[in-house]
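Notes for the one structure printed next.
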Amino acid sequence: MQQLVTQPKIDFSSEIYKDAYSRINAIVIEGEQEAHENYIKLAELLPADKEQLIRLSKMENRHKKGFEACGRNLQVTPDMKFAQDFFAGLHENFQAAAAEGKVVTCLLIQSLIIECFAIAAYNIYIPVADDFARKITEGVVKEEYSHLNFGEVWLNEHFESSKAELEAANRENLPIVWRMLNEVEKDAEILAMEKEALIEDFMIQYGEALSNIGFSTRDIMRLSVYGLR
Numbered sequence: 000m001q002q003l004v005t006q007p008k009i010d011f012s013s014e015i016y017k018d019a020y021s022r023i024n025a026i027v028i029e030g031e032q033e034a035h036e037n038y039i040k041l042a043e044l045l046p047a048d049k050e051q052l053i054r055l056s057k058m059e060n061r062h063k064k065g066f067e068a069c070g071r072n073l074q075v076t077p078d079m080k081f082a083q084d085f086f087a088g089l090h091e092n093f094q095a096a097a098a099e100g101k102v103v104t105c106l107l108i109q110s111l112i113i114e115c116f117a118i119a120a121y122n123i124y125i126p127v128a129d130d131f132a133r134k135i136t137e138g139v140v141k142e143e144y145s146h147l148n149f150g151e152v153w154l155n156e157h158f159e160s161s162k163a164e165l166e167a168a169n170r171e172n173l174p175i176v177w178r179m180l181n182e183v184e185k186d187a188e189i190l191a192m193e194k195e196a197l198i199e200d201f202m203i204q205y206g207e208a209l210s211n212i213g214f215s216t217r218d219i220m221r222l223s224v225y226g227l228r
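Residues 0 to 228 in numbering that gives the first Met the number 0 are what the sequence shown spells out, letter by letter.
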């Protein structure tokens with residue numbers, strides 16, 4: 000509550016805000032689109048869980064439409080080219096892993112990294128959002144935890160056989176997240192979202208997910224700072 004009280008007044012209609020928002024809004028739209036497509040692909044790779052994964056993919060598509068409405072509400076056109084470039088590293092790695100049938104790597108990228116990134120961003124954004132976007136984002140973040148939970152449960156059940164691939168996928172993909180956070184730092188700051196707060200919330204979410212899968216505290220400390228600059 001203190002954060003709400005001390006937050007400076009934001010002019011949601013200013014050109015500088017709308018310019019930054021065009022990229023941040025595009026990122027969340029593209030993130031939900033990536034998730035939608037990734038869960039459809041995971042449904043192909045995990046036929047036993049197909050029904051649940053298709054349900055998650057439909058939920059992500061709903062979230063995307065909600066965030067598109069947030070942009071329209073502020074009369075902002077999202078910069079989708081920027082967002083597609085922003086997600087390119089994780090997108091390409093997911094596609095490559097899926098083509099090789101590497102389910103564990105796909106789950107780490109989508110169900111852990113992308114979901115934790117989204118939850119952290121939404122948590123930091125909610126206190127500084129306009130009223131319309133706040134309502135949308137609060138609804139979305141509650142559902143994102145169920146997506147995170149799918150990956151945690153599956154990987155926990157297959158932990159011993161997945162551990163080596165999880166560590167390799169973490170080593171390859173976590174540095175991409177730090178680059179993404181650096182790339183969006185200035186725009187996030189204009190929206191009153193501090194980079195340090197985003198990093199802290201992401202590391203909390205990601206660390207808890209790794210713990211729920213079965214990693215020790217020592218492992219989590221080693222894994223969750225990989226590539227951090």
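Even for Gly, the Cβ is constructed at its ideal location relative to N, Cα and C.
How about ALA191 and VAL127: are their beta carbons less than 7 Å apart?
Yes; because the gap between Cβ atoms is below 7 Å, this pair is in contact.
Which whole-angstrom value is the C-beta distance of MET179 and PHE85, which I expect to be below 8 Å?
Contact flag correct, Cβ pair sits at about 6 Å.
Are the beta-carbon atoms of ALA168 and THR104 separated by less than 7 Å?
Cβ atoms of ALA168 and THR104: closer than 7 Å.
Just the Cα atoms here: how many angstroms apart are SER234 and VAL152?
For the chain, the structure presents residues 0 to 228; residue 234 sits outside this window and is missing.
Enumerated in chain order, which unbroken segments of the alpha helix (DSSP H) with a length of 4 residues or greater are wholly contained in the stretch 160-220?
Counting whole runs of 4 or more residues, the stretch 160-220 contains the alpha helix (DSSP H) stretches 194-212.
Sequence-distant residues of its chain with Cβ nearer than 6 Å to GLU59 (five each side left out):
Its chain contains GLU31, ALA34, HIS35 as the residues whose beta carbon lies nearer than 6 Å to that of GLU59, once the 5 sequence neighbours on both sides are disregarded; these appear in chain order.
Do the CB positions of ILE212 and ASN155 come within less than 7 Å of each other?
Yes, Cβ-Cβ distance for ILE212 and ASN155 is below 7 Å.
Rounded straight-line distance, which links the Cα of THR76 to that of LEU107
The straight-line gap separating the alpha-carbon atoms of LEU107 and THR76 is approximately 31 Å.
Pull up the CB-CB distance for LEU222 and ALA119, whole angstroms please, since I reckon it's below 8 Å.
Between ALA119 and LEU222 the Cβ distance is about 17 Å, and since that is not below 8 Å, they are no contact.
In this structure, how does DSSP classify ASN24 when only helix, strand and coil are distinguished?
Correct three-state label for ASN24: helix.
Ordered along the chain, which non-local residues of its own chain (more than five positions away) have a Cβ less than 7 Å from that of GLY208?
According to the sequence displayed, residue 208 carries Ala and not Gly. For ALA208, where only same-chain residues beyond five positions count, the Cβ hits under 7 Å are LEU111, CYS115, LEU147, GLU151.
Relative to the alpha-carbon of ILE135, which residue among ILE113, ASP10, ALA97, ARG61 has its alpha-carbon at the smallest distance?
Of ILE113, ASP10, ALA97, ARG61, the smallest CA-CA separation from ILE135 is found for ARG61.
Closest Cα partner of GLY70 within the set SER21, SER56, GLU143:
Among SER21, SER56, GLU143, the Cα nearest to that of GLY70 is on SER21.
Can the beta-carbon of GLU184 be found less than 7 Å from the beta-carbon of LYS194?
Against a cut-off of 7 Å, the Cβ pair of LYS194 and GLU184 comes out as a contact.
For the putative contact between PHE81 and VAL27, defined by C-beta atoms under 8 Å, what is the C-beta separation to the nearest angstrom?
So it is not a contact: roughly 12 Å between Cβ atoms.
Can you tell me whether SER160 is buried or exposed, with buried defined as 16 or more other CB within 10 angstroms of its CB?
By the 10 Å Cβ count, SER160 comes out exposed.
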